[in-house]
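Per my numbering, residue 117 is the first one in the sequence shown, and the count goes up by one each step.
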Amino acid sequence: MIIFEGKYNEIFINRKTVIALGTFDGIHFGHRKIIEGAVKEAKTNNLNSAVLTFKKPVFSYFNKNATNYLINPIDIKTEIISSFGVDYLIYVDLEDGFINLPPEQFLEYLKHNLNAEIIVCGYNYTFGKNAQGDIEYLKENSEKYNINVIVFEEILMENLRVSSSLIRECLLSGDVELANKLLGYNYYLKGRVIRGKSLASRLGFATANIIVDRNLCLKNGVYITLTHYEGNSYPSITNIGYNPTFGQKQRVCETHILKFEKNIYDKIIKIEFMKYLREERKFNSIFDLQSRIKKILS
């Protein structure tokens, strides 16, 4: 997969493409249908598949004070999209020039810069200045640009409309189990284990720590998790947050892997979130914290 990043008018693809359009935040069931549909159409028509998206949700561009908006860190978003067999992944900068493109100029851009032959998107996709472009606009104007349009309808699960907004709400409230159902996979983080202050080791519970984006929409607290390392999976307990008992200022994912004694500093691990247990809290003493951890692990 070839990745393009930068200003929209500086990105060009010479080969004819089938382009999946969307923010694809979380890459849930609906997103998967769109991207898989684009890959299938590309193979059927001997074209190249592409995904045009952004590194963060569009609403964060308009609300500069937005926080807790990321479902997937960018490396995980890239990893998941790559798993579909996409030829080109395009991360366009969210900036005035692109956001304020009139709908007709957006279609011209897709045709002339990205060589679009077929557009694949969801039923509620909007584009162009003030979101003036929508599915009806695409259908009415596609012939003018010699572009075919394929639209995927909404997906319902447990009588709920699968959407990034709903998944974001689930993760922020701690309902990771429902989030996993809507995503179609267990929500996970992945990263290189860093050396912390060995605070947990002093308590007799060593942890593998990875840095967490401050704007990740995952509720701080303690989770039942599954940790993957070198092809093996291990039950684990993970704390997301700032460790108030020790007064940490950096948001960290601290994972205690059960019955695991290997030194994995500087190694890559993957942590799947299975169930939320409780909120992060400050204990009166290290002894109280130690007692609580023992109860959770027992």
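Positions of the beta carbon are idealized from the N, C-alpha and C atoms, including for glycine. As the structure is a computational prediction, the values presented were derived from the model and not from experiment.
Residue i Cβ short of 7 Å to the ligand NAP heavy atom set
{"i": "I151", "result": "Because no ligand of any kind appears in the structure shown, any question about the ligand NAP cannot be addressed here."}
Whole-angstrom distance between residue j and residue i, CA atom to CA atom
{"i": "L319", "j": "E370", "result": "For L319, the predicted structure reports a pLDDT of 43, less than 50, and the residue's modelled location is therefore unreliable. The matter cannot be settled from this model."}
{"i": "N262", "j": "H228", "result": "11 Å"}
{"i": "F120", "j": "K375", "result": "42 Å"}
{"i": "G337", "j": "G290", "result": "8 Å"}
{"i": "Y339", "j": "R394", "result": "7 Å"}
{"i": "M117", "j": "G300", "result": "23 Å"}
{"i": "I266", "j": "L254", "result": "10 Å"}
{"i": "Y241", "j": "I143", "result": "15 Å"}
{"i": "P219", "j": "D250", "result": "9 Å"}
Close-in-space but distant-in-sequence residues of the same chain around residue i (CB under 7 Å, 5 per side omitted)
{"i": "N296", "result": "N302 and Y303"}
Nearest candidate by alpha-carbon position, reference residue i, set the options
{"i": "F214", "options": "G201, I234, T133 and G244", "result": "G244"}
{"i": "R311", "options": "E252, E269 and I380", "result": "I380"}
{"i": "S349", "options": "Q366, I385, N331 and N355", "result": "I385"}
{"i": "N246", "options": "I235, I234, C237 and L217", "result": "L217"}
{"i": "N125", "options": "S176, I206 and G153", "result": "I206"}
{"i": "N231", "options": "C286, Y204, R277 and Y185", "result": "Y204"}
Own chain residues within Cβ distance below 8 Å of residue i, not counting five before or after
{"i": "A316", "result": "Summary for A316: the model assigns pLDDT 46, below 50, so the residue's position carries little reliability, and this model does not support an answer."}
{"i": "T139", "result": "T169, F170, P173, V174 and S280"}
{"i": "M273", "result": "F145, K297 and L298"}
Short Cβ contact (8 Å threshold) for residue i with residue j
{"i": "V134", "j": "A182", "result": "no"}
{"i": "M390", "j": "L332", "result": "no"}
{"i": "N264", "j": "I234", "result": "yes"}
{"i": "I353", "j": "L334", "result": "no"}
{"i": "L305", "j": "I187", "result": "no"}
{"i": "L282", "j": "L288", "result": "no"}
Below-8 Å beta-carbon distance, residue i vs any chain B residue
{"i": "I283", "result": "Chain labels in this structure do not include chain B; a single protein chain is all it has."}
Segment contact flag, the segment 322–333 with the segment 367–382, C-beta cutoff 8 Å, min 3 pairs: For the pair of segments examined, the segment 322–333 was found to touch the segment 367–382: the number of CB pairs separated by less than 8 Å reaches three.
Three or more beta-carbon pairs under 8 Å between the segment 133–148 and the segment 191–199, yes or no? Counting Cβ pairs under 8 Å, three or more are found: they touch.
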